[in-house]
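**Student:**
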Amino acid sequence: MEENSIVSIYPTENYGTLSIVRYENITVPENATPALLAEIQGLPPDAVNFLIMPKSTHTEYYQEYKRANAQWVVKAFRQQEELLVITIHCNIPQWGEQRNAFLKTMHSFTLH
8 MEENSIVSIY
18 PTENYGTLSI
28 VRYENITVPE
38 NATPALLAEI
48 QGLPPDAVNF
58 LIMPKSTHTE
68 YYQEYKRANA
78 QWVVKAFRQQ
88 EELLVITIHC
98 NIPQWGEQRN
108 AFLKTMHSFT
118 LH
């Protein structure tokens, strides 16, 4: 697996981030993608239950969880040997106020 590119967006107040990472040459089988995503997030393979949404050309994965006083949201797209991972990390105190802005930005990313 090769990490090809990373883009991170930080609010001025630095209470969270939205990161986009593209991986290539993914060799794990499709059904092992949730465990791979957990590993990328630094979690045990069975710690995160992803919502899995098969599409005609790719599969989407989605999960929200709390860790270390932060809200984490992961949305990923797997298309054959490519994986695009979008991650939100936001401090819990700011999450309620900033949730809609973060999620609107995250959900604007789609594959066709």
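Numbering-wise, the working numbering comes out as the position in the sequence shown, counting from 1, plus 7. All C-beta atoms in this analysis are idealised placements derived from N, C-alpha and C, irrespective of residue type, glycine included.
1) In the structure shown, what three-state DSSP assignment does residue 37 receive?
2) To which residues of the same chain is residue 118 closer than 6 Å at the C-beta, ignoring the five residues directly before and after it?
3) Pick helix, strand or coil for residue 108, following the three-state DSSP scheme.
4) Buried or exposed for residue 23, going by 16 or more other Cβ atoms inside 10 Å?
5) Which ranges would you report for the alpha helix (DSSP H) in the segment 15 to 80 if only whole runs of at least 4 residues count?
6) Are any of the Cβ atoms in chain B nearer than 8 Å to that of residue 72?
7) Cβ of residue 44 within 8 Å of Cβ of residue 92?
**Tutor:** Answer, in terms of the structure:
1) helix
2) Excluding the 5 residues flanking it on each side, residue 118 has same chain C-beta neighbours closer than 6 Å at 65 and 84, in chain order.
3) The DSSP-derived three-state label of residue 108 is helix.
4) buried
5) 40 to 47
6) The question asks about chain B, but that chain is absent: this structure has only one protein chain.
7) yes
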